[in-house]
Amino acid sequence: SHSDVFAAVDLGASSGRVVVGRVGTDELALTEVHRFPNRPLRLPSGLHWDIGGLYNGVLDGLRAAAAAGHAPRSVGVDSWAVDYGLLDASGALLGLPHHYRDSRTDHTAHAFVERVGAAELYARNGLQYLPFNTVFQLAAAGGTAQLRSARSLLLIPDLLGYWLTGERGTEVTNASTTGLLDVATRRWSAELAEAAGIDVSLLGELRSPGERIGTLLPGPAEHTGLDARTEVAAVASHDTASAVAAVPARTERFGYVSCGTWSLAGLELDAPVTTEAARAANFTNELGVEGTTRFLRNIMGLWLAQECLRDWGLDESAIPGLLNEAASAPAFAALIDAGDPRYLAPGGMPARIADHLRQTGQPVPGDRGGLLRCVLESLALAHRDALRRACTLADQDMEVVHLVGGGARNELLCQWTADALGLPVEAGPVEATAIGNLVVQARAALPGASHADLRRLVYAAERPRRYEPTGTAAWDAAAARMGLE
Ligand code: ADP
Ligand code: LRH
């Protein structure tokens, strides 16, 4: 049997990693060669990504891969969605990309929707209203010198791909998160571009997961020690699309939660659902691999916990101890809406949660374990609500929920998600995104393998941990208390 080596660069909101994978007909073996923190920059101009630091992290990771003797056939880059860099006519980057948690869209996003019409916008782009969708960021950037000088817009993975290869383009799964792609035709919408105040020529030519982007430029080849013939491949460059591609499902009737900084909970469908009910329930239709639709809802996710930890001056090493405290805190003492955009911005998270609890007449947990319990129970309820509503809206049912990403390490969250839904949860892989990135690259080298075959390959290599539901009646009561499904 035949196998090949590929490298995945996966940039998450909290950390970046470079993973080398050997993928073959019956083989999937992963080695993480580099991991680095992703620390945003707070500047007078707002909250930005440290894109130079991230690019160095990518190069360091590829160098570590080469130094360990790996010779990947290709490299793929994925990251969080919606954010972009602008290039001038010479190809130079015009300023640091903004972070989607920057506050500059706070007012403009809403104004844009009022102007265009929420129903019209949804009919055109099929996207959940999130204030940071690229279309709203561009509207907020209207009139700036940067936008005036810009000749091309590249999403984060495409920007890094450009620096690695000199080739520009826009990968379509990530393009589907911008709000500028037509949900029916899957092409850029000139009308939406115009509404956002940009020329549609700013948006790159679309490319699909699996397409070749180019080979390494001499600079990155020298810097990393990789062969200059190493290809850079377009993957499902939206991290969530890669994560869903690697869900180790053995049935078609599955729901998923891609659970890291965000929880993205929903279904994989053959076609978008853009009904008025789907819009009112704030569901998004993003593109997946093989032309699938990711019908899902964004939930604040473990960001809520990350920000509590940061406020308490603790790092990830404190998580296991805090989870023990959460496990022994009283159940359902306090609940929040884990989908509420009020939690989008960084800073002061424990106080913001406490404020909300007071406003809703609930007791504020007296210790950290209690507050973490409130966050995790609220998240489990939000997972339940999103998945149940997705099934109703898409007229589908599910028999199992796959929870992938860093959240799969959180046993409480996995068990509570199962309990809340009354369905088994299969947890893992933790690195589903990197795996999805790799299998899409391997796809071309594995002729005849279907997507279901690739999912079975992931299942065999990274067998998920199964959680059976118990005590769902108590969750029914908690959901009713919160007005959730
Ligand atoms: P992203 O890709 O968005 O950066 P990840 O998928 O890497 O996020 O998930 C990060 C999350 O994983 C952390 O916020 C944390 O809640 C969770 N996590 C990390 N380590 C542990 C652990 N030891 N136990 C439980 N959860 C953990
Ligand atoms: C998760 C994610 C999510 C987007 C958000 C901006 O990392 O890509 O799918 O909505 O970041």
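Just so we're aligned, residue 2 is where the sequence shown starts under UniProt numbering, counting upward by one. C-beta: ideal position from N, C-alpha, C; glycine also.
At which residues does the alpha helix (DSSP H) containing Ser150 begin and terminate?
146-150
Residue range of the alpha helix (DSSP H) that includes Asn299:
No alpha helix (DSSP H) holds Asn299; the beta strand (DSSP E) holding it covers 294-300.
Over the uninterrupted beta strand (DSSP E) stretch that includes Arg213, give me the two end residues.
213-216
Within 10 Å of its beta-carbon, does Gln360 have 16 or more other beta-carbons around it, so buried, or fewer, so exposed?
exposed
Got a sec? Which residues, its chain only, sit under 7 Å from Ala395 by beta carbon, not counting five neighbours each side?
Leu268, Leu270, Val274, Phe296
At the level of alpha carbons, what is the spacing between Ala371 and His49?
Here residue 371 is Gly; the residue named in the question, Ala, does not match the sequence. Going from the Cα of Gly371 to the Cα of His49 covers about 33 Å.
Closest to Pro73 by CA distance: which of Ala229, Ile157, Pro98 is it?
Ala229
Report back the beta-carbon spacing between Val426 and Cys415 to the nearest angstrom; my notes put them in contact at under 8 Å.
5 Å
Length of the line joining the Cα atoms of Gly25 and Val245:
20 Å
Regarding Ile436 and ligand 1, is the C-beta to nearest heavy atom distance less than 6 Å?
no
Around the C-beta of Thr471, are 16 or more other C-beta atoms found within 10 angstroms, so that it is buried, or is it exposed?
exposed
Would you say Leu139 and Val59 are within 7 Å of each other, going by their C-beta atoms?
no
Our contact map puts residue 523 next to Leu63 with C-beta atoms below 8 Å; I'd like the distance itself, whole angstroms only.
It is not possible to answer for residue 523, since the shown part of the chain is limited to 2 through 486.
When the distance is taken between beta carbons, is Ser238 closer than 7 Å to Asp398?
no
Suppose you measure from the CA of Leu193 to the CA of Ala82; what does that come to, to the nearest Å?
18 Å
Verify the contact flag: Ala14, CB atom, against every heavy atom of ligand 1, threshold strictly below 6 Å.
yes
Please work out which residues of its chain come closer than 7 Å, Cβ to Cβ, to His111, disregarding the five sequence neighbours upstream and downstream, and give them in chain order.
none
Is Gln476 helix, strand or coil by DSSP?
What sits at residue 476 in the sequence shown is Trp, not Gln. Helix.
Say the cut is 6 Å; is the CB of Asn411 nearer than that to a heavy atom of ligand 1?
yes
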